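Worksheet: one structure, shown below.
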Amino acid sequence: MNGFAIVWENRQELFAGFLNTVLLSISAAVISVILGVFVAAALMSRGRILPRLAGLYVDTMRCVPFLLFAYFIYFGLPSAGLRLTNWSSGLLALTLYNIAYMAELLRAAWKGLPSETIEAGRAFGFHGAGLIRRIILPPVFFSAVPMIGNQTIQIVKDSAFLTIITVAELTHAATSIQTTYFVPFASFVSAIFLYWILCMTIELGVAAVGHVAHARR
Amino acid sequence: NDLDAVKAAGTLNVATEDDFHPFEFVEDGKPTGYDTELLALVTADAPFKVNQQIMPWAGILPGVTTGKYDMAVTAVLVTDERKTTLDFAGPVAESTTYYMTKVGNDAIKSASDLNGKTVGIQAGSAMLTQFKAFDEKLKADGGTGVKEIVEYQSYPEAYQDLAIGRTDAVINTQINLQAVANEKSDVFAVGEAVSDPVYIAWATAKGNEKLVEFMNGKLMEARKDGKMYELQKKWFGTTFESMPEAIK
Amino acid sequence: MTWTDVLSIVQGALFTVSLSLASIVLGLPLGLGVALIRWSRMPIFNGLAMAYVSIVRASPAVTLALLIFFALPTVGLSLDPISAAILTLTLSTGAFNAEIWRGVLLSFPKDQLDAAAAFGMRRGQRFRRIVLPQIIHSALPALVSEMTLQIKSSPAVAVIGIVDITRAAMRVGARTYDPLPPFAVALVLYSFIVWIFVMAQRRIERRREAELAAAA
Amino acid sequence: MSPMHAADTTSAVAPEDAERPVVLTAHGVTKTFGTNIVLDGLDLTVRKGETVCLLGPSGSGKSTFLRCLNWLERPDSGTILLSGERVGLRAGGNTPMSDRELAAIRTRIGMVFQHFALWPHLTVLQNVMEAPVHVLKRGREEARAEAEALLERVGLAEKKDQFPSRLSGGQKQRVGIARALAMQPDLLLFDEPTSALDPELVGEVLAVMKDLASEGRTMVVVTHEMAFARDVASRVIFLDGGRIVESGEPEAFFGAPKTDRARQFLQRYSKG
Amino acid sequence: MSPMHAADTTSAVAPEDAERPVVLTAHGVTKTFGTNIVLDGLDLTVRKGETVCLLGPSGSGKSTFLRCLNWLERPDSGTILLSGERVGLRAGGNTPMSDRELAAIRTRIGMVFQHFALWPHLTVLQNVMEAPVHVLKRGREEARAEAEALLERVGLAEKKDQFPSRLSGGQKQRVGIARALAMQPDLLLFDEPTSALDPELVGEVLAVMKDLASEGRTMVVVTHEMAFARDVASRVIFLDGGRIVESGEPEAFFGAPKTDRARQFLQRYSKG
Ligand SMILES: Nc1ncnc2c1ncn2[C@@H]1O[C@H](COP(=O)(O)OP(=O)(O)OP(=O)(O)O)[C@@H](O)[C@H]1O
Ligand SMILES: Nc1ncnc2c1ncn2[C@@H]1O[C@H](COP(=O)(O)OP(=O)(O)OP(=O)(O)O)[C@@H](O)[C@H]1O
Ligand SMILES: [Mg+2]
Ligand SMILES: [Mg+2]
Ligand SMILES: O=S(=O)([O-])[O-]
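What follows is the structure in C-alpha cells.
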C-alpha cells in the first residue's frame, strides 16, 4: 500500500500528536514569556545578588541540552520526591528551559530601549512594578516580538524531544506509525508538513504583531 | 540478482540496533549480543564481506526500505503488517510476549490482574500490537482492560519508569525481560505470557528472494550443527529447537 | 557504570565536538550567502532561499537527518553517515543563521551604504569593506546562541548511526539498565562544551566593549 | 524660606517679584562623573511665575543640572527644595528617598525632553492621560477631558488617536508639553525642547512655550534659542564649566554681557 | 553642450559665467513615491566654479533631487549629464548602467551627508583613504599623503588615528568633507551638512565650505543656513512641492523674493 495512504488511515493518531505539540509549545511559549519578564527584570535590576542569580540561571539553562534536561526532570525529580505526569514534566521542562532564553532576549530588547523613554516614566512619577508594566514592557514586547517568534519555533522543535519521556506529540505519533507499518518517509514528510504549518502560523502571527508595532516605531 | 549485486559489490550492508539487550547492544564500543555473534557465524565463509552499521531502531527501518542496507540483522518480530512491506529470513529466535512487574507487587499475580493497571510498551512495536489484542481479550472476558498504555521510544526508559512506579508493568519479549530481571533481580520480576509465541527474524526489503534464500541456507546449517543453539543458550539461557525453516 | 563506559561517552563527545565544529564552520557562510540572496532580492533565488529557510527551520533535525541519509540516495546522492550528519547539521544551522544575518543586514544603517555607493564602491566591495566588518559584531550574540542550540541538537544525528554523547550514554544505560548515571556524565560534558562557546562570546564582547570605550 | 537663600547668587530679581513664593531652591549642587567635575556648587532660586533660561556652551552642565532638579541625576552634594520640601533626600538626614517617595515628589515637577521621549506604544491621547490616570489615580473620564482640552490648546486635538511615530517633530514636542501640563505640576523643566527639530518646526513649539510663560507658569528652560531667551525669560543664567558665570535680566545679559566668556559665547551665535 | 540647455529655466547666470564649461545638467527629472509626486520635472545646469544652494521647506524634494544627481535615487524620467556624459543610463538608449559603470561615474561626484555617514570601523585617516585606495586604486602611500594634507586643511591633522565615534559632530562633518575631496571630484554635493550639528559647531563646518566655494569648487548645497546661502551662493534655487518656484542670485532672492511662497518661507526663518 502507498505510504501516504497508510498515514492517512492513521491520521487520527497524527492529529492527536499535532494537537499535543500545539498545546505544549504554545502554552510553554506563553508561560515562559510571562515568567521570562520577571527573570529579565531581575537581570536588569540594580542589586548585587539578584541579577547574578538570574544570570546564573540563564547561563546554566543555555548550557544544558534540552533532551537531557527533560530526561532529568522526568526521571530524576521522582527520586527527589516530586512525581509528575509525562505531560506536566514535558511542559515543566520546556518552560523552565525557555524562560531563560526568553529572559535573555527580553533583556536585550530592554537594554535597547531608549533611556529617555524610561526616564520620562520616572520623571512622571512611575516607579517599581508600575514603571515596568506600563512604560517599559509594551515597547520591549513590540521590539522583541520577532525574537520571541523565533524562540517559539525553537520550542516547537524542542517539543519533539519530549517523545523520549513518552509525551504523545507529533514526532512520537509519526515514529509510532512508521514502526508499526514500515512507512518511514510518508510519516516523516507528513510530520514535517504539520510542523511547517505550525511554524508558518507562528511567523504569520509575528508578522501581524510586527504590523501593529510598526505604527508605533 | 539481489544476491548477485551483493556478491558483485563484495559487501553485504546490514544494520543492527544498539540498545536491545541481549539481542544486540554495545559493550566497550563494540557491537555484541546474540544477533551479532550469529551474523559472524553464518557469514564466516560467505563470498562477501559484511559491513555492519550500528544504529538506533528508528533509523534501521528507513535504511532497509530504501535499500541503503541489504538486511536488518536485528531482532525484528514477525507480524502480518510487516510481512506486507518486508521479507524475512528464517527465524533466529522465538518470542513470547510477557509482562514484568516490580519485585513484590502483590497486586499483579497473573496476566488477568493487568485489568485497570498502567503498562509500558515500545511505540510501534510488535509487542504493542500483540498487547492491544490481549487487552481486547481482557475486556471480552469481562474485565475493564488496562487503564493506560504508555508508549516509549525505547525500553530503558520504560524500565526506568517501572522502577520509579509510574507504571505497574512493562510488556516485552520474554527473552528481554528475563535478561533485565536477571541483571536486577532485586527490582524486577518476570510475570506471565500475554501472547502466543511469534518468531524473530532478520528482515529485508521486498524483492530480495535470493538473499533470503541464501541466509536461510546458512541459518539452517547453523541449526544443524547446533551452533545456533549454543548461542541461544549463551544469551537467552534457553534454546528454540522447533522453529520452522522459513517464514511464510 | 565503569570507567570504560565513561571513556566511551567521552569518545562520543569528540564526535559531537567535531561534527558541531564542522557544521558551524560551514553553516556560517551558508547562512550569510542565503541572507545576501534575500537581502539583494535576486528574483528566483530569493524565493528558493525563503523556502529553504522556512522549511528547514520547521523540520526537527532527526527527521531532516533521516531524509538526507535515506532519501537522497533515491535521487542518486549517497552519503556516508558522517557526511550526512554534517550536511544535516549544516543545513539546519545555516537556515537559522540566515535569519540572524538577514536581521543585522536589515538594520545596517542605510546612509553608510549610500556613502559607499556614492564613493563609487561596487556591490561586492560595499559588502566586503563596509558591511561585513561591522555586522560580524552585531550578529555575534545571536550567532553564538544559535551555536549553543545547534550543539545541543546534534544528538539528532544519532538516528543515522552516529555515536555522539547522548547515544553513547544511552548505550551504556541500555546495557546496565540504569540510565541516570551515564546521562549525568553526558549532561556535564555537554554543558562544558557549550559553556566554552558562551564564555568565548562573553570574552569577545568584553574585549569589544573595552575597545569601544577606548574609542568613544 | 530656607536659610540658604541669603547665599543665593542668582536672586537678583526685581523688587516686586521678591514677594512671590519660592517654588524651587537649589543650593550647592555638585556632580562629578569620574574625574570630570560637571557641576561645581550651583545655586538657584526660582519664584512662582518666573521663566528662567539656562544658557551655556555644550558640555557646560546644563542638562545635568536640570536633571538634578528632579533627581533623575543624583547630585554628589547639595540640596534641592520644591516649595520648601526636600527632593531626593529625606527631610532632616541624608537618607535617600525611597522609590515611592521620589515618585511622589516628581509628580509635581513636569519635564519636557529634548528628544520628546513620548511613549511609543501609546496614542497621543494615551500619552497625555497615562501618568494622571496611573500615577495620580485620577478618574479616567476626568483625565480624558483634561487631556483633550490640553491637546486642543497645543493645537493637536485632531491628532489625539495617532501614534507618536506618525507626528512631525514639532507636533511630538507639543504632545510632550501637553503631557507635562496634564500633571498640573508646580514647576516645568525643559531640556532643549527645540534643538531636535527642523528649523521650520521650531516656531510652533516656541509659540506654545511663550504662551505658558505669559500665563505665569514657573519654568526652567535649557535652550540654544537666544531670541526666545531674550523675549521670554524673566532671568537668564549663563553656565560654563559647571559654574554660573553670569546671571541677570535678559536685556542686560544680551545687551551688555558682563563677562568675557558670555560675550564670546553670544558672538558665536550671532555669526553663522 | 546638450540640446536641453535652451529649455533650462535656471540658467540665469551672469554673462561672464556663461563662458565657463557646464559640469552638471539635469533635465526633466521626475520622481514619484507611490502616488506622491516628489520631483516634478526639474531642470538644473551648474557651471564650473558655481556654488548652487537648494532651499525649500521640509518635504519639498531637495534631498531626493540631490540623490538623483548621482543616481543614489533612480529618477522615473529625465536625464542627468556630468560634463556631458550620461549618469545612470547608458548613452543613447534607456538601458540602466551596470554596477561597474555606475560606480565609475560616481567616483567623479563627491557627496557629503547630513548625518556624516562616516564608516565607524575605520579611523579618520582610513575613512579618507578608503575610496581612493580601494576604488580609484591609487597607491597607498600617495593616498595617505593626500589624505593627511586634506585633514590638515580641515584642521583635523591630529585626529587622524581616532575613530569617528570620538569626534564631535563638527569634526565628523569636516572628515566627511575631506573624504569627499580626496576623490578629486568634478562636483561636490552637500545634503544639509550642518543641520545635525549643535548650533555652536555649525560655524566650523560652514567656514570650510566657504573656503571651498572661494577656491572655485563646483558645489550643489542643500541647506537651511540662510546666512550661508546669502554670503556664499552664486545662485539660489527655491524648491517647493517638487518644482523650482524661484531661482536667481542670492541678493535678489533674499532682498526681494519674487514669489509669495518664497517670501513666506523666508519670513518663517527670520522670526525666532
Ligand atoms: N552619564 C554621564 N557619564 C559621564 N559623563 C557625563 C554623563 N552625563 C554627562 N556627562 C558629562 O558631563 C558634562 C556636562 O554634560 P551636560 O549634558 O550636562 O552638558 P550640557 O550643558 O547639557 O551640554 P549640551 O548643550 O551639549 O546638551 C559633559 O562633559 C558630559 O560629557
Ligand atoms: N524612500 C522614500 N519613500 C517614500 N517617500 C519618500 C522617500 N524618500 C522621500 N520621500 C518623500 O518625498 C518627499 C520629499 O522628501 P525629501 O527628503 O526629498 O525632502 P527634503 O526637501 O529633503 O526635506 P527635508 O528638508 O525635511 O530634508 C517627502 O514627502 C518624503 O516623505
Ligand atoms: Mg544638554
Ligand atoms: Mg532632506
Ligand atoms: O512507505 S514509505 O514511502 O513511507 O517508506
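Protein chains in written order, with my numbering: chain Z, 33 to 249; chain E, 934 to 1181; chain A, 135 to 350; chain X, 6 to 277; chain F, 6 to 277. No residue lacks a Cβ here, since even glycine has one placed at the ideal position from N, Cα and C. Keep in mind the model is a prediction, meaning the values are calculated, not measured.
- Here the C-alpha atom of proline 137 (chain X) lies approximately 22 Å from the C-alpha atom of glutamate 220 (chain X).
- At least one heavy atom of ligand 2 lies closer than 7 Å to the C-beta of valine 43 (chain F).
- The beta-bridge partner set that DSSP reports for leucine 60 (chain F) consists of F:Phe243.
- In terms of Cβ geometry, proline 995 (chain E) and phenylalanine 1169 (chain E) do not form a close pair [threshold 8 Å].
- For histidine 32 (chain X), the beta-bridge partners assigned by DSSP are X:Thr84.
- Within the same chain, Val190, Thr222, Leu225, Ser226 and Ala290 come within 8 Å of leucine 198 (chain A) by CB-CB distance, once the 5 residues on both sides are set aside.
- The Cβ of glycine 1140 (chain E) sits no closer than 8 Å to any Cβ of chain A.
- Look at alanine 152 (chain X) here: in three-state DSSP terms it is helix.
- According to DSSP, residue pairing for phenylalanine 958 (chain E) in a beta bridge involves E:Asp952 and E:Thr965.
- Beta-bridge annotation (DSSP): glycine 253 (chain X) is paired with X:Val241.
- Boundaries of the alpha helix (DSSP H) harbouring glycine 146 (chain A): 137-173, taken from the DSSP string.
- Per DSSP, aspartate 935 (chain E) lies in no beta strand (DSSP E) segment; the continuous alpha helix (DSSP H) that holds it begins and ends at 935-942.
- Pairing tryptophan 990 (chain E) with threonine 999 (chain E), the inter-Cα distance amounts to about 15 Å.
- DSSP places glutamine 272 (chain F) in the helix class (H, G or I) of the three-state scheme.
- In this structure, lysine 1001 (chain E) has its CB at a distance of at least 7 Å from all heavy atoms of ligand 2.
- Sequence-distant Cβ neighbours of leucine 247 (chain A) in its own chain, meaning closer than 8 Å and more than five residues away, are Arg260, Ile264 and Val265.
- Under the DSSP assignment, serine 68 (chain X) falls in the alpha helix (DSSP H) whose first and last residues are 67-74.
- Residue state for asparagine 946 (chain E) is assigned as strand, using DSSP reduced to three classes.
- Tryptophan 137 (chain A) is classed as exposed because its beta carbon has fewer than 16 other beta carbons within 10 Å across all chains shown.
- Interface with chain E (8 Å Cβ-Cβ cutoff): glutamine 44 (chain Z) is excluded.
- Taking a contact to require three or more Cβ pairs closer than 8 Å, the segment 196-203 of chain Z and the segment 1080-1091 of chain E qualify as touching.
- For threonine 69 (chain F), the Cβ falls inside the 7 Å cut-off from some heavy atom of ligand 2.
- When rounded, the separation of the alpha-carbon atoms in arginine 262 (chain A) and glutamate 157 (chain F) is 29 Å.
- Judged by DSSP in its simplified three-state form, glutamate 151 (chain Z) adopts helix.
- Scanning Z:Thr203, Z:Gly181 and Z:Arg248 for the CA closest to the CA of leucine 51 (chain Z) turns up Z:Thr203.
- Taking serine 188 (chain A) as reference, the option from A:Leu153, A:Val293, A:Gly165 and A:Ala302 with the minimal CA-CA separation is A:Gly165.
- As the crow flies, the alpha-carbon of alanine 240 (chain Z) is around 33 Å from that of serine 65 (chain F).
- Glutamate 197 (chain X) has its Cβ nearer than 7 Å to a heavy atom of ligand 1.
- Annotation for asparagine 41 (chain F): the continuous beta strand (DSSP E) segment containing it runs 41-52.
- The residues Val133, Ala183, Leu186 and Ala187, in chain order, have a CB closer than 7 Å to that of leucine 155 (chain X) in the same chain once the five nearest residues on each side in sequence are set aside.
- At a cut-off of 8 Å between beta carbons, isoleucine 158 (chain A) makes no contact with chain Z.
- Around the C-beta of serine 64 (chain Z), 16 or more other C-beta atoms lie within 10 Å, and the residue is accordingly described as buried.
- A residue is called buried when at least 16 other Cβ atoms come within 10 angstroms of its Cβ; aspartate 1119 (chain E) does not meet this threshold and is exposed.
- The residue among A:Ala250, A:Ala218, A:Ala276 and A:Gly210 with its C-alpha nearest the C-alpha of valine 238 (chain A) is A:Ala276.
- Annotated as proximal: alanine 1122 (chain E) and valine 1036 (chain E), with beta-carbon spacing under 8 Å.
- By the neighbour-count definition (other C-beta atoms within 10 Å, threshold 16), glutamate 1142 (chain E) is an exposed residue.
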